[in-house]
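Enquirer:
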Amino acid sequence: MSREAEIRQALREWVVKTSGKIEPQELDDETPIIERRIISSVHVLDLILMIEHLSDTPIDVGKLKVGVFRNINTIYRNFFAESPDGR
Amino acid sequence: MGGKASVDLRQHPGCTWYENGQSALSGSLLELFRRFDRLFVEWAKESGAGEYSFPVFIPAHELAKLDYFGSFPHLVTFPVTLDPEPANLESFARSFAGPGAPLGPGGAIRLTRPAAIRDVLTPAACYHFYIRFQGETLEAPRVVTTLATCFRREAHYTPLERQWSFSMREIVCIGSEGEVKQFLAKYRESLDAFFRRIGLPIAWANATDPFFNPSRNPKSIMQRIEPVKTEMVFGGRLAVGSINFHQNYFGEVFGLRRAGKAAYSGCVAFGLERWISAFLTHFGWEQSDWPDIEMT
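So the protein sequences, as listed, match chains A and B. Counted the way my numbering counts, the first sequence spans residues 1 to 87. Counted the way my numbering counts, the second sequence spans residues 1001 to 1296.
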């Protein structure tokens, strides 16, 4: 499994486990996890910690841009891809 | 026609300003207030909205379900009464006997023991609906409207623009995700057309609710990265209203169901006094210069 596939799988597993509202087969990388409140505000700080842990890079909360946590794809693009556009 | 610079509405004969952050309207301003509200009710009725009138207090235990007190402690206003124990009342009454009643600095009342506080003065009109309908399963989307006097404590007040008590008309839709999104999109379009027609310069801007300690509040962080509030901003500074998508937050908290899931909700909110302020600032004080706001 590539590093990218591992990260995406870890993110999906975290979302399913943390939310408790969704089955693994219901979550794909375009599922709007914030808009549908699969992940809500009570989880957002844990999500940030989880991304920091996976990426081994600190996140400046004050500089987060609109839409960075919208779905697994946006999280990957903004925090793990080589040309992040969200921080 | 008047200029676009901010005007001191304290000078307007139809506005009486109280330094405790409240205003009284009369004459042409009261008539304008009523015209705006009639217009908002007409817009609500185009969606088949039912009209409601609510009391001014909201039970604190209901707002606590929304973590209101942790999120907005700086805004909340409580109704206070005295503990009805006779000696307590006598002690309070005695302190007011005779001339020169002993008010404290700045006119503050010296309370004796207060009774337990179990209510809050309405901070936003739409809360009443989720509380009123809690536990219901909706067979169809529900659109409702109400006008409420709302209370938000602020550090500074400005006539008709930032007040301790002010008037908020809301049109609320509770339904499925698609039904609520369609409702909000329809009002966004209608409002755009209205502002264009009367020539009031309004820009839409993403906003967050005024959370306490926003940089440390997860709800504020969430609203910033996934905007759910879009404000109608006049003159780059004054939000006269907003369109809000609550997702299924109120549905989950208050057990509202639609189509087998927690209901979604959204609202269109209008601050009546701010509409008057924007209107007078842009079109001037002379009624003859005002555009016809009624739908044609």
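C-beta atoms are modelled at their ideal positions from N, C-alpha and C, and glycine is treated no differently. This one's a predicted model, so the numbers in the text were calculated from it and none came from an experiment.
Would you say residue 1265/B reaches chain A, if we count a Cβ-Cβ gap shorter than 9 Å as a contact?
Expert: Translated into positions along the second sequence, residue 1265/B becomes position 265. Not one chain A Cβ lies under 9 Å of residue 1265/B.
Enquirer: Kindly say whether residue 41/A, judged by its beta-carbon, lies nearer than 9 Å to any beta-carbon of chain B.
Expert: Within the first sequence, numbered from 1, the residue matching residue 41/A stands at position 41. Between residue 41/A and chain B, the shortest Cβ-Cβ separation is below 9 Å.
Enquirer: Taking the CB atoms as reference points, tell me whether residue 1033/B and residue 1198/B lie closer together than 9 Å.
Expert: The sequence position of residue 1033/B within the second sequence is 33, counting from 1. The sequence position of residue 1198/B within the second sequence is 198, counting from 1. Taking C-beta atoms as the reference points, residue 1033/B and residue 1198/B fail to come closer than 9 Å.
Enquirer: Confirm, please, whether the CB-CB distance from residue 1294/B to residue 1039/B is below 9 Å.
Expert: For the purposes of this step, residue 1039/B is taken as residue 39 along the second sequence, with counting starting at 1. For the purposes of this step, residue 1294/B is taken as residue 294 along the second sequence, with counting starting at 1. The answer is yes: Cβ separation under 9 Å.
Enquirer: Along the stretch 48 to 72 of chain A, what residues have a CB closer than 8 Å to any CB found in chain B?
Expert: 61, 62, 64, 65, 66, 67, 68, 69, 70
Enquirer: Report yes or no: is there a C-beta of chain B within less than 9 Å of the C-beta of residue 34/A?
Expert: For the purposes of this step, residue 34/A is identified with residue 34 of the first sequence, where counting begins at 1. It does: the Cβ of residue 34/A has a partner Cβ on chain B nearer than 9 Å.
Enquirer: For the stretch 1262 to 1270 of chain B against the stretch 1073 to 1086 of chain B, do three or more pairs of beta-carbon atoms, one drawn from each stretch, fall closer than 8 Å, so that the two count as touching?
Expert: With a cut-off of 8 Å, the stretch 1073 to 1086 of chain B and the stretch 1262 to 1270 of chain B do not count as touching, because too few Cβ pairs lie within range.
Enquirer: Taking residue 1226/B as the query, report the chain A residues whose CB atoms sit under 8 Å from its CB, ordered along the chain.
Expert: As a working note, residue 1226/B is residue 226 in the second sequence. Residue 1226/B reaches chain A at 34, 35, 66, 67, 69, 70, counting residues in chain order whose Cβ is nearer than 8 Å.
Enquirer: Step through the CB atoms of chain B and report whether any lies within less than 9 Å of the CB of residue 15/A.
Expert: Your numbering for residue 15/A matches position 15 in the first sequence. It does not; no Cβ of chain B falls within 9 Å.
Enquirer: From residue 1253/B to residue 1222/B, what distance separates their C-alpha atoms?
Expert: Here residue 1253/B corresponds to residue number 253 of the second sequence, with the count starting at 1. Here residue 1222/B corresponds to residue number 222 of the second sequence, with the count starting at 1. Cα to Cα, the separation comes out at about 18 Å.
Enquirer: So if I threshold CB-CB distances at 8 Å, which residues from the stretch 1163 to 1176 of chain B count as touching chain D?
Expert: The structure shown has no chain D; the protein chains it does contain are A and B.
Enquirer: Does at least one heavy atom of the ligand NAP sit under 8 Å from the Cβ of residue 1242/B?
Expert: Ligands in the displayed structure: none, and consequently the ligand NAP is not present.
Enquirer: Return yes when the Cβ of residue 15/A is within less than 9 Å of the Cβ of residue 88/A, no when it is not.
Expert: Limits of chain A in this structure are 1 at one end and 87 at the other, which puts residue 88/A out of reach.
Enquirer: If I'm right that residue 1010/B touches residue 1159/B with Cβ under 8 Å, what's the distance once you round it to whole angstroms?
Expert: The residue you call residue 1010/B lines up with position 10 of the second sequence. The residue you call residue 1159/B lines up with position 159 of the second sequence. Yes, residue 1010/B and residue 1159/B are in contact; Cβ-Cβ is about 5 Å, under 8 Å.
Enquirer: Does the pairing of the stretch 1011 to 1029 of chain B with the stretch 70 to 82 of chain A give three or more beta-carbon distances under 8 Å?
Expert: no
Enquirer: So residue 11/A contacts chain B; which residues on that side make the cut at Cβ distance below 8 Å?
Expert: Here residue 11/A is taken as the residue at index 11 of the first sequence, counted from 1. Within 8 Å of the CB of residue 11/A, no CB atom of chain B is found; the nearest one sits about 16 Å away.
Enquirer: Does the Cβ of residue 1193/B have 16 or more other Cβ atoms within 10 Å, making it buried, or fewer, making it exposed?
Expert: Your numbering for residue 1193/B matches position 193 in the second sequence. Exposed, since its Cβ has fewer than 16 Cβ neighbours within 10 Å.
Enquirer: First and last residue of the beta strand (DSSP E) that includes residue 1264/B?
Expert: In the second sequence, the residue the question calls residue 1264/B occupies position 264. It spans 1264 to 1271 - the beta strand (DSSP E) in which residue 1264/B sits, taken as one unbroken run.
Enquirer: Can you tell me which of the three DSSP states residue 1275/B falls into?
Expert: As a working mapping, residue 1275/B is identified with position 275 in the second sequence. Helix.
Enquirer: Quick check: residue 22/A and residue 54/A, are their CB atoms within less than 9 Å of each other?
Expert: Mapped onto the first sequence, residue 22/A falls at position 22. Mapped onto the first sequence, residue 54/A falls at position 54. Their beta carbons are not under 9 Å apart, which means residue 22/A does not touch residue 54/A by this criterion.
Enquirer: Between the stretch 1226 to 1235 of chain B and the stretch 1104 to 1111 of chain B, can you find at least three pairs of beta-carbon atoms closer than 8 Å?
Expert: no
Enquirer: Just to confirm before moving on: does the CB-CB distance between residue 1284/B and residue 1240/B stay below 9 Å?
Expert: Sequence index remark: in the second sequence, residue 1284/B carries index 284 (1-based). Sequence index remark: in the second sequence, residue 1240/B carries index 240 (1-based). Residue 1284/B is not a Cβ neighbour of residue 1240/B, given a cutoff of 9 Å.
Enquirer: Please list, in chain order, all residues of the same chain as residue 19/A whose beta carbon is under 7 Å from its beta carbon, the five residues on each side excluded.
Expert: Residue numbering aside, residue 19/A sits at position 19 when the first sequence is read from its first letter. Excluding residues within five positions, the ones whose Cβ falls inside 7 Å are 38, 39.
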